[in-house]
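Notes follow once the structure below has been shown.
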Amino acid sequence: MNRKRLVVVLESEIYIYDISTMKLLHTIETGPNPNAVCALSSSSEHSYLAYPSPAPSPSSASLSSGVPPAPPAPTTGDVLIFNTLNLTAVNVIQAHKAPIAALALNSTGTMLATASDKGTVVRVFSVPDAKKLWQFRRGTTTAHIFSMNFNLASTLLAVSSDTSTIHIYRLANKDSAAGGGGGSASSASGAGDESPPGSVSTFGDDAPSPPIAAGSPQSAANSLRRRSYHIGKSILGNAGTYLPKGVTEIWEPQRDFAHIKLRSGQAGVRTVVAMSSTLPQVMVISADGVFQAYNIDLENGGECALMKEFNLLSNEDTVSGGAE
Numbered sequence: 001m002n003r004k005r006l007v008v009v010l011e012s013e014i015y016i017y018d019i020s021t022m023k024l025l026h027t028i029e030t031g032p033n034p035n036a037v038c039a040l041s042s043s044s045e046h047s048y049l050a051y052p053s054p055a056p057s058p059s060s061a062s063l064s065s066g067v068p069p070a071p072p073a074p075t076t077g078d079v080l081i082f083n084t085l086n087l088t089a090v091n092v093i094q095a096h097k098a099p100i101a102a103l104a105l106n107s108t109g110t111m112l113a114t115a116s117d118k119g120t121v122v123r124v125f126s127v128p129d130a131k132k133l134w135q136f137r138r139g140t141t142t143a144h145i146f147s148m149n150f151n152l153a154s155t156l157l158a159v160s161s162d163t164s165t166i167h168i169y170r171l172a173n174k175d176s177a178a179g180g181g182g183g184s185a186s187s188a189s190g191a192g193d194e195s196p197p198g199s200v201s202t203f204g205d206d207a208p209s210p211p212i213a214a215g216s217p218q219s220a221a222n223s224l225r226r227r228s229y230h231i232g233k234s235i236l237g238n239a240g241t242y243l244p245k246g247v248t249e250i251w252e253p254q255r256d257f258a259h260i261k262l263r264s265g266q267a268g269v270r271t272v273v274a275m276s277s278t279l280p281q282v283m284v285i286s287a288d289g290v291f292q293a294y295n296i297d298l299e300n301g302g303e304c305a306l307m308k309e310f311n312l313l314s315n316e317d318t319v320s321g322g323a324e
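Residue numbers (the UniProt record's numbering): 1 to 324.
This is the structure we're talking about:
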């Protein structure tokens, strides 16, 4: 809902009302959408509605052949952008190959964040022209995305899922994003909760090794290993120039800027994230009635500090770090 439009989402229909008169203005028939996946901009000027585009209807040729149509197919990975002011569809974004699981519009209605039911990649597009602005890798394993939310300035995006990590991505310009500066300690493939115990980083392990006597077989082997590593790294770095865009995107070091590590008991509990409009803070509300507020280090990123925790069901208030 915004100041001009109220949107009601059912499993296969969307109703758009004029908020001033509560008059039904338009009805949209959608594909099966049992989780009511959609996003409505809070802006009255750019009052865009985003929802999963339905799968194509059966062709007339298949109907005339006497073959009964298949049951309604799940939605595709496309997102339809609908202008709720003039009641017209303005664009279709080819966001993912898998069905859409979560959508979020920023406060001005100019950016759309998308995630599929695989939950490994989060993309951000401009609205309404559907240009891809950023692509972030949440992790290498599938996850169910619960919530996504921009901050008021549209410089940060918070994403929660059924894992124990909430990711905060920085929406920087392309040059800073490519540099990967100021990133979180999580790897380029996601945050720490996605890596199996005992896993070892393939690249970027700069920890110093114990000193080895010069001329020893181990020293020669290490020298050869270092040379192979740098040659391989150089080849991987230059490969992006020659490979198709779809392949190079997989190797892009799009990492989260900051992250929140939830307690192990909170993994799998549905959460909703929101960003403070006045402070560098992420607020998390979980289905078990717990409210938490975390501070973001805007300079260095990394793990966010828990500042406030409040149980909405038992009325118990706990503060970490002495901040209110």
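For glycine and all other residues, C-beta sits at the position ideal for the given N, C-alpha and C. The structure presented is a predicted model; accordingly, all values stated were derived computationally and were not measured.
Endpoints, beta strand (DSSP E) assigned at residue i
i, result
"VAL90", "88-94"
"ALA130", "Run containing ALA130: none; DSSP gives neither H nor E here."
"ALA305", "305-311"
"ARG270", "Neither: ARG270 is in no beta strand (DSSP E) and is coded neither H nor E."
"LEU80", "78-83"
Cβ-Cβ distance between residue i and residue j below 9 Å
i, j, result
"ASN295", "PRO280", "yes"
"ALA89", "ILE100", "no"
"ILE285", "LEU312", "yes"
"VAL273", "ASP288", "no"
"ARG138", "ASP256", "yes"
"SER41", "ASN106", "yes"
"SER147", "ALA104", "yes"
"ALA95", "PHE125", "yes"
"GLY109", "HIS144", "no"
"residue 341", "PRO34", "The requested residue 341 does not occur in the structure, where the chain is confined to residues 1 to 324."
"LEU152", "SER314", "no"
Alpha-carbon to alpha-carbon, residue j and residue i
i, j, result
"GLN84", "TYR48", "With the sequence shown as reference, residue 84 is identified as Thr, and Gln is not the correct amino acid for it. For THR84 and TYR48, the distance between alpha carbons rounds to 6 Å."
"VAL290", "ILE168", "20 Å"
"ALA265", "THR165", "Looking at the sequence itself, residue 265 is Gly, so the reference to Ala does not match. Their Cα atoms are separated by approximately 12 Å."
"TYR15", "THR76", "21 Å"
"VAL154", "ILE19", "Position check: residue 154 holds Ser in this sequence, whereas Val was assumed. Approximately 26 Å between the Cα atoms of the pair."
"ALA191", "ALA36", "Low per-residue confidence applies at ALA191: pLDDT is 42, beneath 50, and the placement is therefore not dependable enough to give any value."
"LEU156", "LYS131", "18 Å"
"ASN2", "ASN91", "21 Å"
"TYR17", "VAL8", "8 Å"
"HIS46", "LYS4", "11 Å"
"ALA158", "ILE260", "10 Å"
"THR141", "LEU24", "42 Å"
"SER53", "PRO32", "10 Å"
"PRO128", "GLY302", "33 Å"
According to DSSP, residues forming a beta bridge with residue i
i, result
"HIS167", "VAL159, HIS259"
"HIS26", "ILE16"
"ASN149", "ALA158"
"GLN292", "VAL284, GLU309"
"ALA113", "ALA104, VAL124"
"ALA39", "ALA50"
"LEU6", "TYR17"
"ARG137", "VAL121"
"GLY301", "The partner list for GLY301 (beta bridge, DSSP) is empty, contrary to what the question assumes."
Supposed close pair residue i, residue j - CB separation, criterion 8 Å
i, j, result
"LEU112", "ALA39", "7 Å"
"ALA267", "CYS304", "Their Cβ separation, rounded to whole angstroms, is 17 Å, which puts ALA267 and CYS304 out of contact at 8 Å."
"ALA293", "MET275", "About 11 Å; that fails the 8 Å criterion."
"TYR51", "THR30", "6 Å"
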